[in-house]
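Residue numbers (this note's numbering): 861 to 1771. For every residue, glycine included, the Cβ atom is placed at its ideal position computed from N, Cα and C.
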């Protein structure tokens, strides 16, 4: 590293971190006051002083002094270019170009030639990315053209905002985005040297347009351009010459031009005072005739606002009060009546267009929307904005109409562009929300790739319909300004696009427009915490009261700093990014917690920056700090603990009493249910008993009546009949006696006064005799009866009659509930000190839930399908008690549908 100072040259020793003075002797250099140094391609060092130029080699030996050329000039800046030239800037002797290949030197100085150096005082020099050489002088900035060896000068212009702030230039700097920074005596100017946009404007020289307010652009068949102005007539651009057409030198109706179009040799000029038709008599437009048309000739109004030539050669003339046509025979036809016919009150026609299918579109400017007319069918369609229909056009103020290569109608409005599909009559619109640089669309042109270019109130936008993305361009890209004018757009024959505005017009080749790929950074500028400026707050822990934070930031893309869109995300989660309308964010009353603020920007060319992040923490107040919360938790825990203990004791008392009450309620419920069941069974028993008593009594009474009747008639009763009647009477008397005995016996059993007459009996013989006695009766019912035993003799102590009574009762029940074809088995099994007697049937069976109740008094298990539904209901109860008096037990095993088995277990000796 070599350092130049006002007192000599110094070399840095990196190893020892020191500077060493070189060429410090008085005769080594013309002066020790060194302005600049530069290294050549051969490693030589060029040293510029306030008294000349010196070239030294790598060992700091003087090679050349240039006393014969640069002499004792003050060499302020030195620049080497890739073309093999060393450029020497002086403060008093102009600019020197040293050819390093042939050692020739050219000295450029200021003279009267407009392509010369503007001043001999040159302080700055720089190369841009394309290789252009820029020179800063005290009288402006100039660009050197290597091919023509000329200097093109840029100076400060009065009443212009986008020019140099001052002509006296001190330094030049190129940033990473390719932007040139120009330091002047009165401030800094920013300049984009890589613009693809050519800018034509009015200047204080000849051969320039005479006004910057452009209204109407047209290229005729001879390649001549007609540029209209708002107040100075028409500029006629032919090759390198500019001629002017105005009311002073022609029959032009008015110098305020509103639109220009043409057909063959005719140029149609819409003005504020009517239509002027210029007919060219030569290619350059120097010989011409002008024919004027006004309200007197049939125009609805003299204020012409749009012109359009259709495929039939008719000129459509839109005015602020209606529309007319000029036919090929030069006749004006007012067709404003169509507005009244279709019910449109807005007659301010700003645009007319004929599509590829021959349909006409008329754009109303105030609020009439878009009108489509089919001249073949005479049908019309009116397109207007509907709030609840997103497929309607975006705005009713129409400014421009054209068609793309796919047949879509492109409609520029005061609120975005609309892509109208004629097949569906539905519109897709794009506005600032979608990336359009400004919603006011003045002009629409298409490039060769169907790219849509629009001039607006905020610059130029290009829309790609393939992906719906925008590229935006502003004054920093070389536009005449960000504000353009209506009816001032045109596509030339060679494909170049023209857009006019308030500061001239731009021309560019859409296929050659290069986008800057520079990826800027978001930089935090400053932070304000409760209105107190903080340099940085990253990783800081702020007090709970420091919760109002203002953040300012910017991007280092200074060319597009105003058009960049900023997005931010506070807390860095997956939440959506919020859009910021400025480069300042204000967060008020932030809650305590940890925060991450992320900010990013998207340039007007669609390039997104990296995210800039800052982390900070807002501490909690003491009463909501961790310690305070811990104390609160302890206090609450103690209170809860005490309350829980209190509640537990209460709950225990309540639960204890509740359990007691539930126990009492359960007992009462069981007792109540038992009483209810008992009463129910008792009622059923009395009903059955009454039936059982009444049946034999009815039989006896019937026989009594029969015998009495026969006696009164002196009818002889045969012995057989009498014997039969006596048998019936005997059976029913026995039945009555049995029922009464059961009742008596049960009463004795209940009172514990029933006695047995026990004797040793052969139980096998006893049971077998009972079975044999009932065999005929049972088999007569169609039921098979089987008796089986595993022992021939088994003596037990028992009451023979009572055991017989029990067996008969069980067999009787088995017969009663066994259907015809069934089986009854009586089995005896020797259990040594006990004997087991079982009566098993294949009857209807007993449900499991009723098996425990069949031995209770007043209970009967009756099948609804059984024909045997009689009985006292005391048989099994008495049987159980009798078996119990013998010291035995009786129980049942049964399954519904399979039958029942009653089992008696009797001890051998039960004394």
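Practice item. Assuming residue 1185 and residue 1174 form a contact by the criterion Cβ under 8 Å, report the distance between their Cβ atoms to the nearest whole angstrom. Key: 5 Å
**Study point:** Residue closest to residue 1133, alpha-carbon to alpha-carbon, out of 1162, 1442, 1529, 1343
**Key:** 1162
**Study point:** Cβ neighbours of residue 1289 in the same chain (closer than 6 Å, five flanking residues each side left out)
**Key:** 1254, 1276, 1278
**Study point:** Backbone secondary structure at residue 1580 - three-state DSSP
**Key:** Residue state, collapsed to three classes: helix.
Review point. From 1684, 1372, 1584, pick the residue whose C-alpha is nearest to that of residue 1057; which is it?
Key: 1372
Point to revise | Three-state secondary structure assigned by DSSP to residue 1534 | key: helix
Point to revise | Selection from 1325, 1247, 1249 that minimises the alpha carbon distance to residue 1265 | key: 1325
Point to revise | Limits of the unbroken alpha helix (DSSP H) element including residue 1669 | key: 1660-1676
Check your understanding: How big is the Cα-Cα spacing for residue 969 and residue 1007?
Key -> The alpha-carbon atoms of residue 969 and residue 1007 are separated by roughly 18 Å.
Point to revise | Beta-carbon proximity of residue 1681 to residue 1757, cut-off 8 Å | key: no
Review point. Straight-line CA distance for residue 1612 to residue 1605?
Key: Inter-residue distance for residue 1612 and residue 1605 is about 10 Å (C-alpha atoms, whole angstroms).
Check your understanding: How is residue 1208 classed by DSSP in three states: helix, strand or coil?
Key -> In the structure shown, residue 1208 sits in coil (DSSP, three-state: anything other than H, G, I, E or B).
Review point. What residue range is occupied by the uninterrupted beta strand (DSSP E) comprising residue 1316?
Key: Residue 1316 -> beta strand (DSSP E) spans 1312-1316.
Review point. For residue 885, which of 869, 965, 878 has the nearest alpha-carbon?
Key: 869
Check your understanding: Relative to the alpha-carbon of residue 1250, which residue among 1228, 1534, 1280 has its alpha-carbon at the smallest distance?
Key -> 1280
Exercise for review: Would you kindly work out how many angstroms separate the C-alpha atoms of residue 1138 and residue 1100, rounded to a whole number?
Suggested key: 22 Å
**Study point:** Member of 1454, 1458, 1437 whose CA lies at the smallest distance from the CA of residue 1411
**Key:** Checking every option, the nearest Cα to that of residue 1411 belongs to 1458.
Exercise for review: Could you tell me which residues DSSP puts in a beta bridge with residue 1453?
Suggested key: Beta-bridge pairing links residue 1453 to 1478.
Check your understanding: Do residue 1117 and residue 1078 have their C-beta atoms closer together than 8 Å?
Key -> Not closer than 8 Å, so no.
Practice item. Measure the CB-CB distance between residue 1560 and residue 1589 and report whether it falls below 8 Å. Key: yes
Check your understanding: Does the Cβ-Cβ distance between residue 1341 and residue 1365 come in under 8 Å?
Key -> no
Exercise for review: Consult DSSP for residue 1741 and reduce its assignment to one of helix, strand or coil.
Suggested key: helix
Point to revise | Spatially closest choice to residue 1651 from 1689, 1630, 1674, by CA coordinates | key: 1689
**Study point:** Beta-carbon gap between residue 1383 and residue 1461 smaller than 8 Å
**Key:** no
**Study point:** residue 1700 - containing beta strand (DSSP E), residue span
**Key:** 1694-1701
Practice item. Below 8 Å on the Cβ atoms is my guess for residue 1404 versus residue 1478; work out the distance and round it to an integer in Å. Key: 6 Å
Check your understanding: Less than 8 Å separating the beta-carbons of residue 1128 and residue 1167?
Key -> It is a contact, given that the beta carbons lie within the stated cut-off.
Point to revise | Cα-Cα separation between residue 1188 and residue 1222, rounded to whole angstroms | key: 21 Å
Check your understanding: When you compare only the Cα positions, how much space is there between residue 1235 and residue 1416?
Key -> 56 Å
Review point. Tell me which same chain residues have a C-beta within less than 8 Å of the C-beta of residue 1214, skipping the five on either side of it?
Key: Correct list, in chain order: 1168, 1170, 1171, 1220, 1221.
Practice item. Return the CA-CA distance between residue 1323 and residue 1331, expressed in angstroms with no decimal places. Key: Each residue's alpha carbon lies about 7 Å from the other.
Point to revise | Counted within 10 angstroms of its Cβ, other Cβ atoms place residue 1525 as buried (16 or more) or exposed | key: exposed
Check your understanding: Can you pull the DSSP bridge partners for residue 1391?
Key -> In the DSSP output, where bridge partners are listed per residue, residue 1391 has none listed.
Check your understanding: Does the beta-carbon of residue 1707 have 16 or more other beta-carbons within 10 angstroms, so that it is buried, or is it exposed?
Key -> With a 10 Å radius around the Cβ and a threshold of 16 neighbouring Cβ atoms, residue 1707 comes out exposed.
Check your understanding: Since residue 898 sits in a beta bridge, which residues does DSSP pair it with?
Key -> 906
**Study point:** Beta-ladder partner(s) of residue 1130, from DSSP
**Key:** The bridge partners DSSP lists for residue 1130 are 1119, 1135.
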